[in-house]
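One gets our numbering by counting positions in the sequence shown from 1 and adding 166 to each.
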Amino acid sequence: MADTRIGISGWTYAPWRGTFFPAGLSRGRELAYAAAQVRTIEINGTFYSMQRPSSFAAWRAETPDDFVFAIKGPRFVTHMKQLNDVVAPLGNFFASGVLRLGPKLGPLLWQLPPRMRFNPERLARFFDVLPRTQREAALLGRHHDHRLKARAWLRVERDQPLRHALEVRHDSFMTDEFITLLRRHDIGLVVADTAGKWPRLGDVTADFVYVRLHGDTELYASGYTQEALQTWAARIRAWSAGKDISDLPRVGASAARRPAGRDVFVYFDNDVKTHAPFDAMTLAHELGLGPPAPAGPLPGTGRVEAVRTTWAAWRSPRVAARRTRRPTSQRSMITLNERT
167 MADTRIGISG WTYAPWRGTF FPAGLSRGRE LAYAAAQVRT IEINGTFYSM
217 QRPSSFAAWR AETPDDFVFA IKGPRFVTHM KQLNDVVAPL GNFFASGVLR
267 LGPKLGPLLW QLPPRMRFNP ERLARFFDVL PRTQREAALL GRHHDHRLKA
317 RAWLRVERDQ PLRHALEVRH DSFMTDEFIT LLRRHDIGLV VADTAGKWPR
367 LGDVTADFVY VRLHGDTELY ASGYTQEALQ TWAARIRAWS AGKDISDLPR
417 VGASAARRPA GRDVFVYFDN DVKTHAPFDA MTLAHELGLG PPAPAGPLPG
467 TGRVEAVRTT WAAWRSPRVA ARRTRRPTSQ RSMITLNERT
């Protein structure tokens, strides 16, 4: 059965304290609290710098057994090297501790810079290097450089497939050749809602769909109305059922129907004004993944507390039944989890 997960991009945002996070909650418990409200979180700190194996181990320990993390690939690969000569940088990334997430390691996000144009040869070379299983990732990790010599983590608990998603921000990618290339390499195209700033394409190119919601009308800042969330819910239902959709721009042929359905991962990145977690919970309500969404105004007034109270009342007994207790000696080693 296809799995739908609605979540947030990062969790260490000061404006969330006292709004999404209860007043007085320690920073070391913020991930555990967030993971009780959503089923997936996109880690963005990996985009800015290499993390340590101990950080990934702590994040894994602080989340429920069935939780999934999406991991954003390093900007050194996408923005600085621009996908050229990336075997060693990718080796560093996969040796940095990513594999310590084990079964909680979900899709890997590769976001290209706005200046980067479509180059099919360069993309194909990059796709050919990407590992498709955790064991392949460990093998690639052996190509790490001297910086990880003392702390490389290359152990694989259980081999499992790896999924990759690509987010583009240049109009030159709006071509059928690009969609065909993604499908040939089984790379998911990120459906990115960026308030009209960058291309928004709805082509389905893999056995899963990856959605990033950066803001409905204002990039990173605006929330989503109930009507907008209902529209996204309808799209998610179609994707989950293995269908294609027609109400988003497409440049390639329609995707073949997939009877088994498609997994869908959705991440809200509109965090400037604390919209992201509440929009995520409201969308989950709309999809039947939580209690009925309470009516009320958008975050900033009554809806914040209404959503939190209603969701917590529904969620708490379910989370308690399946959560892995974290040893009291462990503390979250949160670094950068900022919006991009």
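Beta carbons: idealized from backbone N, C-alpha and C, even for Gly.
**Request:** Pick helix, strand or coil for SER388, following the three-state DSSP scheme.
**Result:** Residue 388 sits at position 222 when you count from the first residue of the sequence shown. It is coil, neither helix nor strand.
**Length-filtered (4 minimum) alpha helix (DSSP H) runs lying within the region 402-459** = 441-452
**Message:** Considering only the alpha carbon of each residue, which of ASN250, LEU320, THR299 lies closest to PHE292?
**Reply:** Taking the first residue of the sequence shown as position 1, residue 292 is located at position 126. Among ASN250, LEU320, THR299, the Cα nearest to that of PHE292 belongs to ASN250.
**Prompt:** What is the DSSP secondary structure of LYS238, counted as helix, strand or coil?
**Reply:** As a working mapping, residue 238 is identified with position 72 in the sequence shown. Of the three classes helix, strand and coil, the one that applies to LYS238 here is strand, per DSSP.
**Message:** With DSSP as the reference, identify every bridge partner of ALA207, one or two as the case may be.
**Reply:** Within the sequence shown, residue 207 is the residue found at index 41, counting from 1. Note that residue 207 corresponds to Ile in the displayed sequence, not to Ala. ILE174, PHE235.
**Request:** Taking 8 Å as the threshold, find out whether the region 274-286 comes into contact with the region 221-233 through three or more Cβ pairs.
**Result:** no
**Beta-carbon proximity list for PRO127, same chain, < 6 Å, skipping 5 on both sides** = Any question about residue 127 goes unanswered here, given that the chain covers just 167 to 506.
**Message:** With H, G and I counted as helix, E and B as strand and the rest as coil, what does DSSP make of PRO465?
**Reply:** Taking the first residue of the sequence shown as 1, we reach residue 465 at position 299. Confidence is the limiting factor: at PRO465 the pLDDT is only 44, short of 50, which leaves the residue's position unreliable and the question unanswerable from this model.
**Message:** On the CB-based measure, 16 or more other CB atoms within 10 Å of its CB, does MET447 come out buried or exposed?
**Reply:** Taking the first residue of the sequence shown as 1, we reach residue 447 at position 281. MET447 is buried by the Cβ-count criterion.
**Message:** Looking at the secondary structure, which residues open and close the beta strand (DSSP E) in which GLY354 lies?
**Reply:** Locating residue 354 in the sequence shown gives position 188, where the first residue counts as 1. Per DSSP, GLY354 belongs to the beta strand (DSSP E) from 354-359.
**Prompt:** Rounded to whole angstroms, how far is the Cβ of VAL334 from the Cβ of PRO286, which I believe are closer than 8 Å?
**Reply:** On the sequence shown, position 168 is the one that residue 334 refers to. On the sequence shown, position 120 is the one that residue 286 refers to. With 8 Å as the limit, VAL334 and PRO286 do not qualify as a contact, their Cβ atoms being about 13 Å apart.
**Item:** For HIS330, the first and last residue of its enclosing alpha helix (DSSP H)
**Value:** Within the sequence shown, residue 330 is the residue found at index 164, counting from 1. Note, HIS330: premise wrong, no alpha helix (DSSP H); beta strand (DSSP E) at 330-333.
**Message:** Can you check which of these residues, LEU367, ARG350, ARG324, is closest to SER338 by C-alpha distance?
**Reply:** For the purposes of this step, residue 338 is taken as residue 172 along the sequence shown, with counting starting at 1. For the residues LEU367, ARG350, ARG324, the minimum Cα distance to SER338 belongs to LEU367.
**Prompt:** Between THR397 and LEU305, what straight-line distance do the alpha-carbon atoms span, to the nearest angstrom?
**Reply:** Taking the first residue of the sequence shown as 1, we reach residue 397 at position 231. Taking the first residue of the sequence shown as 1, we reach residue 305 at position 139. Going by the C-alpha atoms only, they are around 42 Å apart.
**Request:** Just mark SER482 as buried or exposed, buried being the case when its beta carbon has 16 or more other beta carbons within 10 Å.
**Result:** In the sequence shown, residue 482 corresponds to position 316, counting from 1. For SER482, the predicted model reports a pLDDT of 49, less than 50, meaning its position is unreliable and no value from the coordinates is stated.
**Item:** Limits of the beta strand (DSSP E) - the one that LEU271 falls within
**Value:** Mapped onto the sequence shown, residue 271 falls at position 105. LEU271 -> beta strand (DSSP E) spans 271-277.
**Message:** One question on the structure: do ASP429 and ASN436 come within less than 8 Å of each other, judged by their Cβ atoms?
**Reply:** Along the sequence shown, read from residue 1 onward, the residue named residue 429 stands at position 263. Along the sequence shown, read from residue 1 onward, the residue named residue 436 stands at position 270. Going by C-beta atoms, ASP429 is not nearer than 8 Å to ASN436.
**Request:** Return yes when the Cβ of PRO273 is within less than 8 Å of the Cβ of ALA331, no when it is not.
**Result:** Numbered from 1 along the sequence shown, position 165 holds the residue referred to as residue 331. Numbered from 1 along the sequence shown, position 107 holds the residue referred to as residue 273. Closer than 8 Å, so yes.
**Prompt:** Do you know offhand how far VAL417's Cα is from LEU197's?
**Reply:** Start at 1 with the first residue of the sequence shown, and residue 417 comes out as number 251. Start at 1 with the first residue of the sequence shown, and residue 197 comes out as number 31. In a straight line, the C-alpha of VAL417 is about 38 Å away from that of LEU197.
**Request:** Measure the Cβ-Cβ separation of LEU289 and LEU347 and say whether it is below 8 Å.
**Result:** Start at 1 with the first residue of the sequence shown, and residue 289 comes out as number 123. Start at 1 with the first residue of the sequence shown, and residue 347 comes out as number 181. Contact flag set, yes.
**Asked** Can you tell me whether DSSP reads PRO280 as helix, strand or coil?
**Response** Here the question's residue 280 lines up with position 114 in the sequence shown. Correct three-state label for PRO280: coil.
**Request:** Label GLY362 either buried or exposed according to how many other C-beta atoms from any shown protein chain fall within 10 Å of its C-beta, with 16 as the threshold for buried.
**Result:** The count along the sequence shown starts at 1 and reaches residue 362 at position 196. The residue is exposed, with fewer than 16 neighbouring Cβ atoms inside 10 Å.
**Cα-Cα separation between LEU320 and VAL253, rounded to whole angstroms** = Counted from its first residue, the sequence shown places residue 320 at position 154. Counted from its first residue, the sequence shown places residue 253 at position 87. Cα to Cα, the separation comes out at about 16 Å.
**Message:** Quick check on the DSSP output: the alpha helix (DSSP H) that includes LEU305 runs from which residue to which?
**Reply:** Position 139 of the sequence shown, counted from the first residue, corresponds to residue 305. Looking at the DSSP string, the run of the alpha helix (DSSP H) that includes LEU305 is 300-307.
**Item:** C-alpha gap between THR185 and GLU384, whole angstroms
**Value:** The residue you call residue 185 lines up with position 19 of the sequence shown. The residue you call residue 384 lines up with position 218 of the sequence shown. So the two alpha carbons sit approximately 21 Å from each other.
**Request:** Within 10 angstroms of the Cβ of GLY211, are there 16 or more other Cβ atoms? Answer buried if so, exposed if not.
**Result:** Here residue 211 refers to the residue found at position 45 of the sequence shown. Buried is the call here.
**Asked** What distance in whole Å lies between the Cβ atoms of PHE213 and PRO240, which are believed to be in contact at a cut-off of 8 Å?
**Response** Taking the sequence shown and counting its residues from 1, the one referred to as residue 240 is at position 74. Taking the sequence shown and counting its residues from 1, the one referred to as residue 213 is at position 47. Right, the Cβ-Cβ distance comes to about 6 Å (below 8 Å), so this counts as a contact.
**Request:** Apply the 10 Å Cβ neighbour rule to GLN392 and answer buried if 16 or more other Cβ atoms are within range, or exposed otherwise.
**Result:** Sequence index remark: in the sequence shown, residue 392 carries index 226 (1-based). With fewer than 16 other Cβ atoms within 10 Å, it is exposed.
**Prompt:** Ends of the alpha helix (DSSP H) at TYR376?
**Reply:** Reading the sequence shown from its first residue, position 210 is the one you call residue 376. Element bounds for TYR376: not the alpha helix (DSSP H) but the beta strand (DSSP E), 374-379.
**Request:** Put ARG183 into one of helix, strand or coil per three-state DSSP.
**Result:** Position 17 of the sequence shown holds residue 183. Strand.
**Message:** Let me check one thing: in DSSP terms, what residues is PRO219 bridge-paired to?
**Reply:** For this step, residue 219 is matched to residue 53 along the sequence shown. For PRO219, which the question treats as bridged, DSSP gives no partner whatsoever.
**Request:** Answer with buried or exposed for LYS315, where buried requires no fewer than 16 other C-beta atoms within 10 angstroms of its C-beta.
**Result:** Here residue 315 refers to the residue found at position 149 of the sequence shown. So LYS315 counts as exposed.
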